[in-house]
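Comments concern the structure below.
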Amino acid sequence: MSTFSLAESFVSINGEGQFAGKLALFLRFTGCNLRCSWCDTMWANAKDAPHTLCSTQHLLDTAKRAKEDHGICHVTLTGGEPLLQEGLPELCDGLDSLGLMTEIETNGAVPLAPFLEKCSSSPCITMDYKLPASGMEDRMCLENFPLLREKDTLKFVCATQEDLDRAAQIISKYKPVCAVFLSPVFGSIEPADMVEFMKKNRLGRARLQLQLHKLIWSPDKRGV
Ligand code: SF4
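Quick note: the sequence shown, position 197, residue 196 per numbering that gives the first Met the number 0, numbers continuous.
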C-alpha cells in the first residue's frame, strides 16, 4: 500500500473542465514541480505545506463514504501536481473498483506515458498547457499531446493576448482530439475579449469556461 501527502479532501462541484457542475470528491495532494505566476493553490505547494499522510485504503474509505453520504460518482485528483504521488496508479485502480470515475488534473509538466502504463483502469486526464504568462511554458512535456484521448481534456488558462495567440498556435499545431477549454485568469483578461478572439481565430472546437467556484464563492475560499 502506498502513502499519499494529502493537503485537503472535500465534496463540492467540479469548477471547470468537462465535468463542471458535477459533484465530486476532491483529493488535493501537496507539492508541485512548477511555480506558475498566477497559481491560486501555492499554499499546497510549499515544502512545509500542512498535510496528512494517508494510505491508499484510507483514501478509498473516504471515497466510499462520500459515495454513500453524498451520492458522488466522480473523484477529482488535484494539487499541487497529483502525478508526483507515487501510488497514484494503485489509487486510480482502487477508485475504479468502487465504481467511481477518476479525473486527474495535471499541469502538463509530467510525462503521462509512465503513469498510464502503470494503471489497469483508465482515469480521465485533464491536462493544462502552461502559456507564456505563467512563466512555465518551457517545462511542458510536448510528448503528452498524442496521448490525450477523446475523453480527456486540454486546458489553456489565459492571462494575456500573448497567451491567447499561443493557445491558438498550439491547437492548430497538435490538433488535439480531446475536449479543449480556454479559461481566463480571474481578473486578468475579459471573457468577452476571449469570445471575440475565438470568433476571429475560428476556434469552433474550443470552449470558453469560467471557473464556477470563483463565481459561486469568494475567489480565495478554500475547500469548495
Ligand atoms: S501547476 Fe498548478 S499547482 Fe503547480 S504552480 Fe502551477 S497552478 Fe500552481
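Glycine included, each C-beta is placed from N, C-alpha and C at the ideal position.
Rounded to whole angstroms, L202 and T77 show a C-alpha spacing of 28 Å. Between the ligand SF4 and the CB of R34, the shortest heavy atom gap is smaller than 6 Å. Of all C-beta pairs linking the stretch 188-204 to the stretch 147-159, three or more are shorter than 8 Å, placing the two stretches in contact. Taking the Cβ of N200 as the reference point, every heavy atom of the ligand SF4 lies at 6 Å or farther away.
Contact between L146 and A112 holds: their C-beta atoms lie close to 6 Å from each other, under 8 Å. For T101 and S121, the gap between their C-alpha atoms comes out near 8 Å. In terms of CA proximity to K129, L33 leads the group L33, D47, S1. The way I'd put it, the stretch 205-216 does touch the stretch 12-22; three or more beta-carbon pairs between them come closer than 8 Å. In this structure F114 is buried. Its beta-carbon is surrounded by 16 or more other beta-carbon atoms within 10 angstroms. With respect to the 7 Å criterion, F28 and G222 are not classified as neighbours on the basis of their beta carbons. Distances from the CA of E67 to each of G98, E149, A43, D151 were compared; the closest alpha carbon is that of G98. Measuring C-alpha to C-alpha distances from T2 to each of L52, E15, C31, S36 identifies L52 as the nearest.
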